[in-house]
Amino acid sequence: MKLSEIITIDKIIPDLKAKDKKGVLSELAEVITRQHPYIDKGMLVKVLIEREHLGSTGIGEGVAIPHGKLSSVKQPIVSFGRSKKGLDFDSMDGQPAYLFFLLLAPENSSGVHLQVLTRIAKMLKKSSFRKELMQAETQEDLYQTIIQSDEEM
196 MKLSEIITID
206 KIIPDLKAKD
216 KKGVLSELAE
226 VITRQHPYID
236 KGMLVKVLIE
246 REHLGSTGIG
256 EGVAIPHGKL
266 SSVKQPIVSF
276 GRSKKGLDFD
286 SMDGQPAYLF
296 FLLLAPENSS
306 GVHLQVLTRI
316 AKMLKKSSFR
326 KELMQAETQE
336 DLYQTIIQSD
346 EEM
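Take 196 as the starting number for the sequence shown in this note's numbering and just add one per residue.
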């Protein structure tokens with residue numbers, strides 16, 4: 196499954212305002228629940244925080260991929276946010292996180308969930324992709340960078 200099928204420009208936040216992990220999760224959840232009002236924002240944030248308690252989704256190199264599953268979701272949904280200043284996300288390398296892809300998947304979808312998670316992680320392994328995301332100036336630039344990288348996979 197390509198990211199272009201599940202991320203839209205209105206789910207991209209070019210400059211996150213959050214100062215901590217819970218704030219990032221809340222901001223990323225907000226853009227999803229605005230577009231999908233059947234998803235309860237409070238429940239989504241709760242699921243994401245519970246997942247973080249199992250182990251941080253801050254994978255290092257300035258990147259975090261928070262993810263969770265909800266029964267009300269029928270298709271995977273992705274939102275993206277960038278923190279220009281970076282923030283502590285309990286990342287594996289102990290460094291601040293700047294780039295956040297939130298993945299929300301249906302409750303009984305381990306195959307698709309893992310497929311999308313793997314695709315995002317592969318894209319983010321490329322330092323050139325991370326650099327382009329940090330240098331992008333607008334929401335449109337961020338969206339095009341993500342779609343272009345996804346097409347190259």
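Ideal Cβ placement from N, Cα and C applies to all residues, glycine included.
Limits of the unbroken alpha helix (DSSP H) element including residue i
i	result
Lys-264	No alpha helix (DSSP H) holds Lys-264; the beta strand (DSSP E) holding it covers 262 to 265.
Gly-306	305 to 320
Glu-341	As written in the sequence, residue 341 is Ile, which differs from the Glu given in the question. 334 to 346 is the extent of the alpha helix (DSSP H) around Ile-341.
Backbone CA spacing between residue i and residue j [nearest angstrom]
i	j	result
Ile-342	Gln-334	12 Å
Met-318	Glu-327	12 Å
Gln-339	Lys-197	14 Å
Gly-255	Lys-216	14 Å
Ile-234	Ile-260	19 Å
Met-287	Gly-250	9 Å
Pro-291	Pro-232	31 Å
Glu-245	Glu-225	18 Å
Lys-236	Leu-265	11 Å
Asp-336	Met-238	31 Å
Gln-330	Glu-302	35 Å
N- and C-terminal bounds of the beta strand (DSSP E) containing residue i
i	result
Val-300	As written in the sequence, residue 300 is Ala, which differs from the Val given in the question. Element bounds for Ala-300: 292 to 301.
Val-268	Where Val-268 is concerned, there is no enclosing beta strand (DSSP E), given that its DSSP letter is neither H nor E.
Ile-234	Counting along the chain, Ile-234 falls outside any beta strand (DSSP E), and DSSP gives it neither H nor E.
Ile-254	253 to 255
Exposure of residue i, with buried meaning 16 or more beta-carbon neighbours within 10 Å
i	result
Leu-243	buried
Lys-320	exposed
Lys-206	buried
Thr-252	buried
Residue i vs residue j beta-carbon contact at 8 Å
i	j	result
Val-258	Leu-223	no
Phe-324	Ser-344	yes
Val-367	Ser-267	Summary: the structure shown does not reach residue 367, with the chain confined to residues 196 through 348, and so no result is reported for it.
Ile-201	Gln-270	yes
His-248	Leu-312	no
The stretch 210 to 229 contacting the stretch 271 to 282, beta-carbon criterion three pairs below 8 Å: yes
Cβ pair count under 8 Å reaching 3, the stretch 308 to 317 against the stretch 290 to 299: yes
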